[in-house]
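Accompanying notes for the structure given below.
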Amino acid sequence: MQKPEIKPLTGVRAFASWWVVLFHLRGIIADLLLTPRSGLVSVLAGGNFGVDLFFVLSGFVLAYNYHDAFPVLTGRLYGRFLWQRLARIYPIHCLGLAIWGMFLVANSFLKHKQAIAGNFSGKALVAQIFLVQAWSIPDVFSWNYPAWSISMEWMAYLGFPFLIRYIIRRRSSIAIPAIAVCVLGLGAPFLMNLPAEHFVRIISEFASGCLLYMLFARGFGQRFLSSWVAPISFLVAVGFGYRIGHFVMPVFIVLIYALLFDRGAAAAVFGSGWCMYGGRVSYSLYMVHAPVISACHYLLPINRFLDSPDAVKMAVFGAYVAAIAISGVLAYHYVELPCRRQMLRGNWLGQRTRRPAAREACS
């Protein structure tokens with residue numbers, strides 16, 4: 070049965086993706102537009118936690134859409150699920166690698182070569198192709214560095230059917246998932262300074278999202294959850310995320326759960342048409358923004374404009390943002406959507422895959 074799309078959850082993805090993008094642009098913003106003591110600097114410095122918001126969202130959305138997909142766990146059902154998820158993430162992942170490859174080749178022929186930090190070895194490329202580049206301790210960024218999170222997401226997909234079949238589908242009192250969410254949300258941040266912190270992040274945050282579905286399915290909080298909870302949680306996450314570090318995780322859990330009931334100003338904003346569209350293109354934007362930023366660095370090097378008038382600085386920054394936004398939109402419409410549809414249409418496991426709107430928009 071097709072599940073209705075929860076609009077604010079789709080829209081909040083737009084915020085999460087742009088928060089990460091601005092985190093990677095924070096040096097440029099500080100050089101061109103802000104003083105080092107500006108409060109906005111700390112807001113941007115917390116943008117790396119946009120990935121954590123994605124992890125919690127992903128766990129909830131998958132549990133919401135697939136909680137009844139595994140009455141029994143067979144190889145066919147397991148393979149079909151993984152193919153659906155691969156169709157969702159892999160085409161744009163390949164595009165990101167291709168853009169980096171073209172940029173590296175072009176850079177090798179340029180007279181004034183740009184220094185590009187990162188591991189661009191053949192071994193690292195193979196790991197990227199098989200989505201295992203972040204499965205090491207410590208994790209090492211390589212090639213399209215934002216794709217480390219997709220590598221961890223793929224690991225979560227591999228375990229998700231077992232989580233659904235043997236834990237989420239079990240009948241239990243509402244206290245069990247509530248306590249589990251509290252333990253994960255408040256306990257996991259204490260472990261996120263370990264060398265294996267990226268494993269702690271994906272396991273705890275993805276599992277928390279799945280457990281939120283258990284609470285949502287039982288109607289927990291529907292009557293007493295105030296419409297102010299979501300906007301307050303959002304402001305705390307954005308304003309204090311950098312200061313509280315990984316303890317922003319329980320704030321994200323509260324934010325997402327509050328948005329589920331589609332009440333109040335925050336739900337109205339994130340459920341608006343612009344945010345919904347931004348949420349749909351968010352994955353493409355997230356996956357192509359790093360090579361686009363590097364290309365912009367070459368075409369519009371920031372050090373040329375440090376002494377320019379403010380209007381020029383604003384125009385340069387606007388060019389960076391426009392290039393990222395346009396690249397994300399083009400990647401979504403001309404790569405992500407058509408490739409995903411083609412992969413699902415030609416399901417290698419024999420049966421055509423249904424493509425519910427909720428799964429496509431939210432997942």
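Residue numbers for the sequence shown follow the working numbering, beginning at 70 and rising by one.
All residues carry an ideal CB built from backbone N, CA and C; glycine is no exception.
Asked                                                                                                                                                                    : Found
Verify whether the separation of the beta carbon atoms of A22 and F303 is less than 8 Å.                                                                                 : Nothing in the structure corresponds to residue 22, since the chain is present only between 70 and 432.
Please list, in chain order, all residues of the same chain as H315 whose beta carbon is under 7 Å from its beta carbon, the five residues on each side excluded.        : P258, M261
List the endpoints of the continuous alpha helix (DSSP H) containing I272.                                                                                               : 266 to 286
Mapping the DSSP letters down to three states, classify Y177 as helix, strand or coil.                                                                                   : The sequence shown places Ser at residue 177, rather than the Tyr named in the question. Helix, per DSSP.
Determine, using beta-carbon pairs with one atom in the stretch 129 to 138 and one in the stretch 378 to 398, whether at least three such pairs fall under 8 Å.          : no
Go ahead and pull the three-state DSSP assignment for N134.                                                                                                              : helix
Taking the beta carbon of V201 as the centre, do at least 16 other beta carbons fall within 10 Å, making it buried, or is it exposed?                                    : exposed
Please classify S211: does DSSP put it in a helix, a strand, or coil?                                                                                                    : strand
Going by the DSSP bridge assignment, what does N188 pair with across the sheet?                                                                                          : S211
Out of L94, L102, F339, F129, which one is the CA nearest neighbour of L113?                                                                                             : L94
Excluding the 5 residues preceding and the 5 following L418 in the sequence, name in chain order all residues of the same chain whose CB lies nearer than 7 Å to its CB. : Note on L418: pLDDT 47, under 50, position unreliable in the model; the coordinate value appears next. Result list for L418: R145, G148, R149, W152, in chain order.
Determine the DSSP secondary structure at S86, reduced to helix, strand or coil.                                                                                         : helix
Got a sec? Which residues, its chain only, sit under 6 Å from M356 by beta carbon, not counting five neighbours each side?                                               : I161, G165
Between the alpha carbons of R82 and I236, how many angstroms are there, rounded?                                                                                        : 27 Å
Relative to the C-alpha of R270, which candidate in N117, A99, I98 has its C-alpha closest?                                                                              : N117
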